[in-house]
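Heads up: the protein sequence lines correspond to chains A and B, in order.
For the first sequence, this note's numbering assigns the number 540 to the initial residue and increments by one for each residue that follows.
For the second sequence, this note's numbering assigns the number 5 to the initial residue and increments by one for each residue that follows.
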Amino acid sequence: MKSQKVIHNSPKIKKLEPVGFDQFSEKDEHYVWERFIKGDNQSLIYIYRKYADILYRYGRQFTGRSEFIRDCIQELFYDLIDRRSKLSSARSIKGYLFAALKRMILRDIKKEERLQFEEDGFSFSLVESSLSINPGLDIADYAIIQKKLNGLPVSQREVILLHFYEGLSYAEIADIMNIKVRSARALTYRALDSLEKELSPFKGSLFMLLIHFAQY
Amino acid sequence: MQKANHQILELIKNEHFVQWIVTPSEESTHYWSKWMLTHPDRKKDVEIARQIILSAQYSKDYKMPEEDYNLVLENIVNYSQKKGNKEIQWNPNYWKMAGIAAAVVLVLLAGFMAMRFNVSKNIRHEVASSEMITKTTLKGQKMVVQLPDGSKVMLNAESELTYSTHFKTKRSVTLKGEAFFEVTKDKNSPFTVHSGDIMTKVLGTSFNVRSYPEDTENSIAVVTGKVEVSDKQGNQALLVPNVRGVFTLEDNQLLIEPFSVNKEIGWKDGVIHFEDTPLPQVIATLERWYGVSFIVKDRSLLFGKYTGTYKNASLEKVMKGVSYTTGFEFSLQEKEVTIY
Chain A
540 MKSQKVIHNS PKIKKLEPVG FDQFSEKDEH YVWERFIKGD NQSLIYIYRK
590 YADILYRYGR QFTGRSEFIR DCIQELFYDL IDRRSKLSSA RSIKGYLFAA
640 LKRMILRDIK KEERLQFEED GFSFSLVESS LSINPGLDIA DYAIIQKKLN
690 GLPVSQREVI LLHFYEGLSY AEIADIMNIK VRSARALTYR ALDSLEKELS
740 PFKGSLFMLL IHFAQY
Chain B
5 MQKANHQILE LIKNEHFVQW IVTPSEESTH YWSKWMLTHP DRKKDVEIAR
55 QIILSAQYSK DYKMPEEDYN LVLENIVNYS QKKGNKEIQW NPNYWKMAGI
105 AAAVVLVLLA GFMAMRFNVS KNIRHEVASS EMITKTTLKG QKMVVQLPDG
155 SKVMLNAESE LTYSTHFKTK RSVTLKGEAF FEVTKDKNSP FTVHSGDIMT
205 KVLGTSFNVR SYPEDTENSI AVVTGKVEVS DKQGNQALLV PNVRGVFTLE
255 DNQLLIEPFS VNKEIGWKDG VIHFEDTPLP QVIATLERWY GVSFIVKDRS
305 LLFGKYTGTY KNASLEKVMK GVSYTTGFEF SLQEKEVTIY
């Protein structure tokens, strides 16, 4: 009758210890969100602390008016508190906040004629992240890529930054851009394809590098 | 060459690849390490794709003005509390009191903001290019910090971890207190921990660093991988798993010895371990661990040593154990323990 023996693992119950919210790692964000929906104020503060600056930087790409973006962020959180009990629990916090902030900004920009879009919002500055350590791109390559990316239409620059820098998925990007997931993917591909064209007739070091690699 | 570029693009277009690079998780790192093992010819593509993805940054990297940041936080917390209190019965006195309280808060806040504003104005310009990020725990707190390269740091109570916003370029952190590190492997980019005069250098391992200000010795205990430690006096050693390096601060020695896992790194799994530990040190540990203060009526009660192990225990349980073997009485009141 050995086969009937069932080992019961004691169920893992996450208990909120009185040690502050910062103990949560990224994975527990879902849990923070759920606590927030249930009315917990500590998690509200946690979400604000984590995302206020990130949202502000994103918002400022649309307009240079700092107080306007600040007010939008405040309104966004008021809105979140108002609708707290109706929010869905299975959500990415970051994607949700970005989409909500953008909706708010666009709505008010339409209302106020004098709010104009920044022309050079979402422009890139490429940083040679690991230039000194690993073989790969050199400064000339970065300069070419940067120039190419900055020449793209603003919406394509936006999706590249959301994807490469903010780490958002195509589904989240689609939500933010208010388009279908398929279109978000297509928009990103279009931006990247133009990069390939730029890299193809390459005379610079990337070309040399690839020859170098080919010898291995 | 067309083909090589195309292969790099193929990676950059892969959503899961991009997410692994930007926000690596245990699962994705496992998947892509395996993928690279089965596609050794694509290793260089991966490297170039990684560099392109990570190099994309906002050229206008604005930060919210500090006074705005604090103001909005204050507002939303108030708003949330007001909303939550709606059920409370309306009472004229309640509102009058609330009004007075709000006015007091406003006055205090205005003063605070004015101070903050003056200070921050001077500082912000100096740190514009590279800002330092600091994570701090208080007594009784622990915190998990995920670094931009995917490395995980578990901070023990009353500790501080500092690193630059340029961490991705140079993997370097400064530690005060105690922390357990799980460093993501990158053989081309060493990861350094500075704690006081001691430097710990690794490529990808897990290890514990203890360096509280009151400690007479600082120790680095290795769980996996190899760790290089050195100090400014010229002591240096390569540590391997199950071995710890102990820097004695009094006579500048570096000792290498095996360690007890429970004693050295049990803290991260909620284990308190005492082994012939002098009572004053037991009390210091408990104060930090539970965020409480001890009042000792008679210092002579603290002669002697204590041995015992607790896992996820309440302070009361630990105190019962300690007082039983050492023979003192205690009373527990909120954040205060009295020994008599």
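Positions of the beta carbon are idealized from the N, C-alpha and C atoms, including for glycine.
Query: Cβ contact (3+ pairs, closer than 8 Å) linking the stretch 49 to 59 of chain B and the stretch 585 to 596 of chain A; Result: no
Query: Candidates A/Phe703, A/Tyr704, A/Glu705, A/Leu726, of which the one nearest A/Ala713 by Cα; Result: A/Leu726
Query: Beta strand (DSSP E) runs wholly inside the stretch 553 to 623 of chain A, at least 3 long, in chain order; Result: none
Query: Inter-residue Cα distance where the pair is B/Trp36 and B/Lys156; Result: 19 Å
Query: Distance CB(B/Leu319)-CB(B/Leu336) smaller than 8 Å; Result: yes
Query: Cβ-Cβ distance between B/Gly144 and B/Gly308 below 8 Å; Result: no
Query: Supposed close pair B/Val233, B/Ser210 - CB separation, criterion 8 Å; Result: So it is not a contact: roughly 15 Å between Cβ atoms.
Query: Test: A/Asn717 CB closer than 8 Å to a CB of chain B; Result: no
Query: Beta-carbon contacts of B/Arg292 that lie in its chain and below 6 Å, excluding the five residues immediately before and after; Result: Lys143, Ala161, Glu162
Query: Cβ of A/Phe601 within 8 Å of any chain B Cβ; Result: no
Query: Under 7 Å from the C-beta of B/Tyr73: neighbouring residues of chain A; Result: Ala591
Query: Pick from A/Tyr585, A/Asn580, A/Tyr570, A/Arg729 that is closest to A/Gln695, judged by C-alpha positions; Result: A/Arg729
Query: Counted within 10 angstroms of its Cβ, other Cβ atoms place B/Asn222 as buried (16 or more) or exposed; Result: buried
Query: Proximity of A/Ser631 and A/Glu711 at Cβ, strictly below 8 Å; Result: yes
Query: Selection of the stretch 695 to 728 of chain A by Cβ proximity to chain B, strictly under 7 Å; Result: Ile699, Leu700, His702, Phe703, Tyr704, Gly706, Ser708, Tyr709, Tyr728
Query: Beta carbon of B/Ile190 nearer than 8 Å to that of B/Lys172; Result: Per the sequence presented here, residue 190 of chain B reads as Asp, with Ile not at that position. Cβ distance not < 8 Å, so B/Asp190 and B/Lys172 don't count as in contact.
Query: C-beta neighbour in chain A for B/Val26, strict 8 Å; Result: yes
Query: Any C-beta of chain A under 8 Å from that of B/Lys180; Result: no
Query: Euclidean distance between Cα positions of A/Ile586 and A/Arg596; Result: 16 Å
Query: One or two residues paired with B/Asn222 in a DSSP bridge; Result: B/Phe251
Query: A/Phe637: contacting residues in chain B (beta-carbon distance under 7 Å); Result: Those within 7 Å of A/Phe637 in chain B number zero; the least Cβ separation is about 14 Å.
Query: Cβ neighbour criterion (16 or more within 10 Å) applied to B/Gln257; Result: exposed
Query: Residue closest to B/Ser264, alpha-carbon to alpha-carbon, out of B/Phe278, B/Glu254, B/Ser215, B/Asp255; Result: B/Phe278
Query: Neighbourhood of B/Ser168 by C-beta, 8 Å cutoff - its chain only, sequence neighbours within 5 removed; Result: Ser134, Glu135, Met136, Ile137, Lys174, Ser176
Query: Cβ distance (whole Å) where B/Lys47 is taken to contact B/Met158 below 8 Å; Result: About 32 Å; that fails the 8 Å criterion.
Query: The stretch 19 to 36 of chain B contacting the stretch 699 to 706 of chain A, beta-carbon criterion three pairs below 8 Å; Result: yes
Query: Opening and closing residue of the beta strand (DSSP E) in which B/Phe334 lies; Result: 334 to 337
Query: Endpoints, alpha helix (DSSP H) assigned at B/Pro284; Result: 283 to 294
Query: Any chain A beta carbon closer than 8 Å to B/Met68; Result: yes
Query: Rounded distance between the beta-carbons of B/Glu19 and A/Ser733, thought under 8 Å; Result: No, A/Ser733 and B/Glu19 are not in contact; Cβ-Cβ is about 19 Å, not under 8 Å.
Query: Within-8 Å CB hit, A/Leu520 to chain B; Result: With chain A running from 540 to 755 in the structure shown, residue 520 of chain A is simply not present.
Query: Backbone secondary structure at B/Met68 - three-state DSSP; Result: coil
Query: 8 Å Cβ cutoff met for B/Val312 and B/Gly331; Result: Note on residue identity: the sequence assigns Gly, not Val, to residue 312 of chain B. Cβ distance not < 8 Å, so B/Gly312 and B/Gly331 don't count as in contact.
Query: Collapsed DSSP secondary structure at B/Gln145 in the structure displayed; Result: coil
Query: Cα-Cα separation between B/Phe121 and A/Arg609, rounded to whole angstroms; Result: Caution is warranted here: a pLDDT of 46 is assigned to B/Phe121, below 50, making its placement in the model unreliable, and the coordinate value is therefore given only provisionally. Straight-line Cα distance between these residues: approximately 17 Å.
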